[in-house]
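Visitor: Every position in the sequence shown, counted from 1, becomes a number in this note's numbering once 18 is added. Every residue, glycine too, gets a C-beta built ideally from N, C-alpha and C. These numbers come from a predicted model, not from an experiment.
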Amino acid sequence: QVRLEESGGGFVQAGGSLRLSCAASGYAFGDYPVAWFRQAPGKERELVARINWTGEWAYYPDAVKGRFTMSRDNAKNMVYLQMNSLKPEDTAVYYCAANPQGLTADYWGQGTQVTVSS
């Protein structure tokens, strides 16, 4: 059974930092890309970061580029999202997703709430 479990969300003031973690199990983790998505109330899901299977290459949209860094540890079946210089508009539920294709993915975590106050 595939399982993705996010942790590390919380409440932070603007300008602060958070580090999200995602523990994966139940599939060949190291063979697939992984992504972080987020969704705020009333807004569409958006891609936050995507990393290839080796961890050598990552993509970030302009909204988070330079502030967020995604990494993975295939030996531990873990992915991370380091979020710095957080802004109120980063407030959302953040989801870890395995084998992403566009805005969909084969497997999803349950999400972790990130709230950034102004």
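Could you pull the start and end residues of the beta strand (DSSP E) that Pro-118 belongs to?
Guide: Per DSSP, Pro-118 belongs to the beta strand (DSSP E) from 110-119.
Visitor: DSSP has Gln-100 in a bridge; who is on the other side?
Guide: According to DSSP, which records beta bridges pairwise, Gln-100 is partnered with Arg-37 and Thr-87.
Visitor: With DSSP as the reference, label Gly-28 as helix, strand or coil.
Guide: In the structure shown, Gly-28 sits in a strand (DSSP, three-state: E or B).
Visitor: Would you decide whether Gly-60 is buried or exposed? Buried here means 16 or more other CB atoms lie within 10 Å of its CB.
Guide: Classification for Gly-60: exposed.
Visitor: Starting from the Cα of Asp-108, find the closest Cα among Trp-71, Tyr-45, Glu-23 and Gly-27 and give me that residue.
Guide: The shortest Cα separation from Asp-108 among Trp-71, Tyr-45, Glu-23 and Gly-27 belongs to Gly-27.
Visitor: Just curious, the beta strand (DSSP E) that Gln-57 is in, first and last residue?
Guide: Per DSSP, Gln-57 belongs to the beta strand (DSSP E) from 52-57.
Visitor: Among Val-52, Phe-86, Leu-99 and Thr-72, which has the Cα closest to the Cα of Ser-43?
Guide: Minimum Cα distance to Ser-43 is reached at Val-52.
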